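Residue numbers 3 to 368, in the numbering used here, belong to the letters of the sequence shown in order. Using N, Cα and C, we set each Cβ at its ideal position, and we do this for glycine too. Everything numeric in this text was worked out from a predicted model, so none of it was measured. This report concerns only the one structure given below.
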Amino acid sequence: MSTKKNILDYETVRLDDEKNALVIINQTKLPYEIEILSLTEQKDIWTAIYLLQVRGAPAIGVAAAIGIYLAALEISKKTDNKDEFCKEFVKAKEYLASARPTAVNLFWALDRMENVAKENVDKSIDEIVKLLHDEAIKIHDEDIWVCKQIGEYALTLVKPGDGLLTHCNAGQLATVKYGTATAPMYLGHERGYNFRIFADETRPLLQGARLTSFELHESGMDVTLICDNMSAMVMKNGWVNAVFVGCDRVAANGDAANKIGTSVVATVAKRYNVPVYICAPTSTIDMNTPTGAEIKIEERKPEEVTEMWYKERMAPVGVKVFNPAFDVTDNDLIAGIVTEFGIATAPYDKSLPEIFEKKRKYMEGK
Ligand code: MRU
């Protein structure tokens, strides 16, 4: 029996209690090398998020939750003054929040951690730190259940043998387990659905090629890598029955920001009558952002377009480059938003609040 570990045997993001470290797979090295980073310094955790060593909206949220817990632990070693502790905690939170602007899970996780500190401000610093530890673990563990639920709901939208297309990486590498857009693929694979999956390469950082095709191929699925400009052809050929993508932020009206190029895929899919499903945990739905127009879109360095991955620079020196990391898919191009509490469909201003109502009832009953 082979003892060789598969990429899916490693945890994307976790807390190491012995070393008080955030442990991640360095995704910038995949698929060539599986490098595990053990991060203890706040600046290293910030850099890991900024450089996409840990990436994907849910994984960023989990990393931030663990990161702010580790910050609180460090602060507690330096002061026993509660005001000082709270001031430094807020500073650490703002620092981590500045790593990337679009994925709302980063802010959602940090706010959730801050609420724990606020609600328990009368307790001792050590008790607050312990509660922050437990909340970070909860955020980590919940992600597995959330993704599995998304997978179960998404699986009701397709049938065995279907062709599925995905863009970027909303896979296990973007979450704790299963992924969001890949959750129906993993669950379907376990149940013998024999999906034919198309993974867009995802220029300029190639998450589709380096990460999605890697993890799905390693898990034994039928996955075909295509360049970003090939989605129209595979859809026109009738090879795609549904598109499943992840998301970094869903606005209250159902507009959804995801990896750059998603809106191109969705526009093409509309032309060929292929339904597009956004797989998004409720932590990715931001009811405080009214429409996609208000979502802050991250812009990254021009070198990602002109130099990265090439032996030599492939564009003229000095040429202007526009490098937005995300785009917004308009809600009318979206057939459904698959969450852990069910599938929201248009009109989203009605269906998304219903999803949150289901969540509220579920939490109440827990
Ligand atoms: O820039 P990245 O690699 O963090 O972008 C990731 C995506 O766009 C994913 O599709 C999204 O975060 C959803 S992950 C479940």
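Per-residue burial, residue i [other beta carbons within 10 Å of its own, 16 or more giving buried]
i       : result
Ile-152 : buried
Met-394 : This structure leaves residue 394 out entirely; the chain is present only between 3 and 368.
Asn-260 : buried
Lys-95  : buried
Phe-216 : buried
Ala-138 : buried
Thr-264 : buried
Phe-87  : buried
Met-187 : buried
Phe-328 : buried
Ile-146 : exposed
Pro-283 : buried
Glu-359 : exposed
Gly-92  : Rather than Gly, the amino acid found at residue 92 in this sequence is Val. Burial call: exposed.
Cys-48  : It should be pointed out that residue 48 corresponds to Trp in this sequence rather than to Cys. So Trp-48 ends up on the buried side.
Ala-295 : exposed
Tyr-155 : buried
Pro-206 : buried
Glu-342 : buried
Gly-338 : buried
Ser-40  : exposed
Val-319 : exposed
Ser-233 : buried
Beta-carbon separation (whole angstroms), residue i vs residue j, contact threshold 8 Å
i       : j       : result
Glu-90  : Ile-70  : Contact flag wrong, Cβ pair sits at about 11 Å.
Val-276 : Met-237 : 5 Å
Thr-104 : Arg-251 : 6 Å
Leu-167 : Val-245 : 5 Å
Ala-211 : Glu-203 : 4 Å
Gly-63  : Ala-111 : 4 Å
Ala-258 : Val-148 : About 17 Å separates the two Cβ atoms, so there is no contact after all.
Lys-150 : Ala-185 : 7 Å
Leu-108 : Ala-66  : 5 Å
Pro-304 : Asn-290 : No, Pro-304 and Asn-290 are not in contact; Cβ-Cβ is about 32 Å, not under 8 Å.
Trp-241 : Gly-165 : 5 Å
Val-131 : Ala-74  : 5 Å
Leu-218 : Ala-201 : 7 Å
Leu-354 : Ile-287 : 6 Å
Thr-182 : Cys-281 : 4 Å
Tyr-180 : Arg-102 : Contact doesn't hold; Cβ gap of about 22 Å is too wide.
DSSP-derived helix/strand/coil call for residue i
i       : result
Tyr-350 : helix
Pro-326 : strand
Gly-344 : strand
Ala-258 : strand
Leu-159 : coil
Arg-315 : coil
Arg-114 : helix
Leu-335 : helix
Glu-203 : coil
Arg-302 : coil
Tyr-279 : strand
Met-365 : helix
Leu-75  : helix
Leu-208 : coil
Thr-264 : helix
Gly-69  : helix
Thr-30  : coil
Lys-80  : helix
Val-307 : helix
Residues sharing a beta bridge with residue i, DSSP
i       : result
Arg-2   : Residue 2 lies beyond the range of the chain shown here (3 to 368); nothing can be said about it.
Glu-359 : Glu-359 pairs with nothing; no bridge assigned.
Arg-273 : DSSP, once it has assigned bridges, lists no residue as partnering Arg-273.
Ile-297 : DSSP, once it has assigned bridges, lists no residue as partnering Ile-297.
Tyr-288 : Looking at the sequence shown, residue 288 is not Tyr but Asp. Asp-288 pairs with Ala-253.
Arg-198 : Gly-165 and Asp-224
Inset, instruction - Within the stretch 82 to 110, note down every full alpha helix (DSSP H) run reaching 4 residues or more, in order along the chain. - result: Listed in chain order, the alpha helix (DSSP H) runs fully inside the stretch 82 to 110 are 84 to 99, counting runs of at least 4 residues.
Legend entry - Continuous alpha helix (DSSP H) assignments of at least 4 residues falling wholly in the stretch 214 to 251: As far as the stretch 214 to 251 is concerned, its whole alpha helix (DSSP H) runs of at least 4 residues are 215 to 220 and 233 to 238.
Legend entry - Within the stretch 33 to 64, ranges of the beta strand (DSSP E) (whole runs, at least 3 residues): Considered as a whole, the stretch 33 to 64 harbours 38 to 41 as its complete beta strand (DSSP E) runs of no fewer than 3 residues, in chain order.
Legend entry - 3-residue-minimum beta strand (DSSP E) runs that sit fully inside the stretch 113 to 193, ordered along the chain: Fully enclosed beta strand (DSSP E) runs of 3 or longer: 165 to 168.
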